[in-house]
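*Asks:*
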């Protein structure tokens with residue numbers, strides 16, 4: 038099939054490469070000329086395991102092409118997917134300006150029937166607004182061209198996005214007619230051969246499904262962090278509690294790890310946007326508001342623990358920070374808990390030496406003029422002379438550190454484990470003062 042993807046970010050680039058990988062002919066359009074040129078050269082502008090070879094191979098074999106020309110993308114497509122950003126607006130709602138700008142451009146350039154699909158995470162009712170924007174642009178031209186609009190939310194987790202796309206556990210589509218469903222079934226047929234994964238529903242239900250999924254996962258994280266704080270207050274061990282409740286098949290073990298809060302491009306934005314959508318419809322989503330409140334509080338947890346430990350000695354201390362991305366296996370720092378920690382440490386007069394295997398450049402751009410922050414290439418270098426080591430993001434390379442080397446190089450052997458990846462008894466036996474989340 039002839040497929041166009043508008044937007045060369047995480048969702049757009051992974052989708053474009055994935056569709057090309059199974060044989061579709063794909064044009065990926067982005068307005069950033071420098072980014073497009075880099076992708077044409079086979080350079081992946083984001084860190085996503087497994088994406089680079091797909092980009093190179095499918096361009097070489099002629100199934101994937103990058104452009105800055107919207108008309109080229111529209112004229113190429115039988116199916117056009119909108120995968121541009123929907124950042125949070127000031128009131129918490131999703132900013133749809135990029136999505137609607139694409140819709141307007143489609144209406145200005147469309148020449149034959151087309152299925153337009155929203156792949157971006159968008160509020161309920163967005164497809165109606167996309168249709169209206171296209172119709173308005175067609176009216177301006179004085180032409181009448183048949184088109185349909187459908188919803189096809191993405192369920193890609195950064196760090197495993199390629200695997201999620203190539204082997205989806207479900208494919209959700211929201212359609213307004215049988216012809217649109219048939220086109221999307223054809224598009225996804227290579228991913229749907231083992232067993233039926235495609236769930237077809239009305240457009241508004243499809244739009245809500247994405248928000249509901251992220252809100253449910255965020256709720257589990259905040260609920261577990263709340264339980265960790267209760268465990269700390271009553272002297273229980275949240276890791277033992279986690280095993281006790283995770284063994285219940287109705288609950289399971291996924292997304293019940295206590296920590297320093299969630300971040301990234303999806304959960305924070307989508308919880309706020311869904312709460313705003315509910316409010317606009319006259320309903321107060323109290324649980325969603327509580328999820329965000331708990332998460333915002335949890336993102337300050339590590340600083341508060343360090344402050345309790347250090348007291349008046351905190352200003353002037355040197356603190357090592359391991360892990361800056363919002364999760365392992367990505368270079369994405371959007372709403373990362375580590376950024377909250379860095380901001381509060383620097384504001385308190387603490388010198389910070391930080392390490393992350395992939396996100397250091399993004400952090401360097403975020404703190405371009407910040408005094409007191411040094412980003413280093415070696416985690417052990419970060420710990421040299423430090424008064425404390427704080428683990429924020431649980432990259433695999435941090436799981437089995439050389440504690441003797443750390444103890445010998447640090448000024449004070451103090452560790453704050455923001456993800457509970459180390460055994461308290463083991464670390465304390467090595468001579469460290471050790472703090473973690475919800476454990477004695």
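Numbering (the working numbering), first residue to last: 38 to 477.
Glycine residues also receive a C-beta, built at the ideal position from the N, C-alpha and C atoms.
Just so it is clear, the structure is predicted and the values come from calculations on it, not from any experiment.
(1) If you reduce the DSSP assignment to three classes, tell me which class residue 430 lands in.
(2) How about residue 311 and residue 251: do their beta carbons lie closer than 9 Å?
(3) Within 10 angstroms of the Cβ of residue 226, are there 16 or more other Cβ atoms? Answer buried if so, exposed if not.
(4) Can you find the residues in the same chain that come closer than 8 Å, C-beta to C-beta, to residue 133, ignoring five residues on each side of it along the sequence?
(5) Which residue comes first and which comes last in the beta strand (DSSP E) that contains residue 102?
(6) Where in the segment 342 to 379 do unbroken runs of the beta strand (DSSP E), each at least 3 residues long, occur, reported from the N-terminal end onward?
(7) Buried or exposed for residue 313, please, with buried defined as at least 16 other CB atoms from any protein chain shown within 10 angstroms of its CB.
(8) Give me the Cβ distance between residue 386 and residue 353, rounded to the nearest whole Å; I'm assuming they're in contact under 8 Å.
(9) Which word fits residue 324, buried or exposed, when buried means at least 16 other C-beta atoms lie within 10 angstroms of its C-beta?
(10) Can you have a look at residue 127 and say buried or exposed, based on whether 16 or more other CB atoms are within 10 angstroms of its CB?
(11) Report the residue ranges of all beta strand (DSSP E) runs contained in full by the segment 146 to 175; include only those spanning at least 3 residues, in chain order.
(12) Do the CB positions of residue 157 and residue 107 come within less than 9 Å of each other?
(13) Within the segment 65 to 139, note down every full alpha helix (DSSP H) run reaching 4 residues or more, in order along the chain.
(14) For residue 94, which of 60, 69 and 68 has the nearest alpha-carbon?
(15) Please confirm if the segment 145 to 157 is in contact with the segment 102 to 119, defined as three or more CB-CB distances below 8 Å between the two stretches.
(16) In the DSSP assignment, find the alpha helix (DSSP H) that holds residue 418 and state where it starts and stops.
(17) Roughly how many whole angstroms lie between the Cα atoms of residue 280 and residue 457?
(18) Quick one: residues in its chain with C-beta nearer than 8 Å to the C-beta of residue 381, no 5 flanking neighbours on either side, listed in chain order?
(19) Exposed or buried, residue 459, counting other C-beta atoms within 10 Å across all chains shown (16 or more means buried)?
(20) Per DSSP, residue 211 forms a beta bridge with which residues?
(21) The beta strand (DSSP E) spanning residue 453 covers which residue range?
(22) Taking 9 Å as the cut-off, decide whether the C-beta atoms of residue 121 and residue 136 are in contact.
(23) Using CA atoms only, rank isn't needed, just tell me which of 204, 450 and 303 is closest to residue 131.
(24) In whole angstroms, what separates the C-alpha of residue 455 from that of residue 105?
(25) Identify which residue in 50, 55, 370 and 91 has its Cα closest to the Cα of residue 72.
(26) Check whether the Cβ atoms of residue 199 and residue 256 lie closer than 9 Å to each other.
*Replies:* To lay it out plainly:
(1) coil
(2) Yes, the Cβ-Cβ distance between residue 311 and residue 251 is below 9 Å.
(3) exposed
(4) 123, 159, 160, 163 and 166
(5) 101 to 104 is the span of the beta strand (DSSP E), which, as asked, contains residue 102.
(6) 355 to 359
(7) buried
(8) Residue 386 to residue 353, Cβ: 6 Å. Contact.
(9) The residue in question, residue 324, is exposed, as its Cβ has fewer than 16 Cβ neighbours within 10 Å.
(10) Residue environment: residue 127 is assigned as exposed (fewer than 16 neighbouring CB atoms within 10 Å of its CB, all protein chains considered).
(11) The beta strand (DSSP E) runs of length 3 or more contained entirely in the segment 146 to 175 are, from start to end of the chain, 151 to 155.
(12) no
(13) 70 to 77, 88 to 97 and 107 to 113
(14) 60
(15) yes
(16) 416 to 420
(17) 13 Å
(18) 337 and 340
(19) Answer is buried; the Cβ neighbour count reaches 16.
(20) 188 and 238
(21) 451 to 454
(22) Yes, the Cβ-Cβ distance between residue 121 and residue 136 is below 9 Å.
(23) 303
(24) Answer to the nearest angstrom: the Cα atoms are 42 Å apart.
(25) 50
(26) Taking 9 Å as the cut-off, the beta carbon of residue 199 is found no closer than this to the beta carbon of residue 256.
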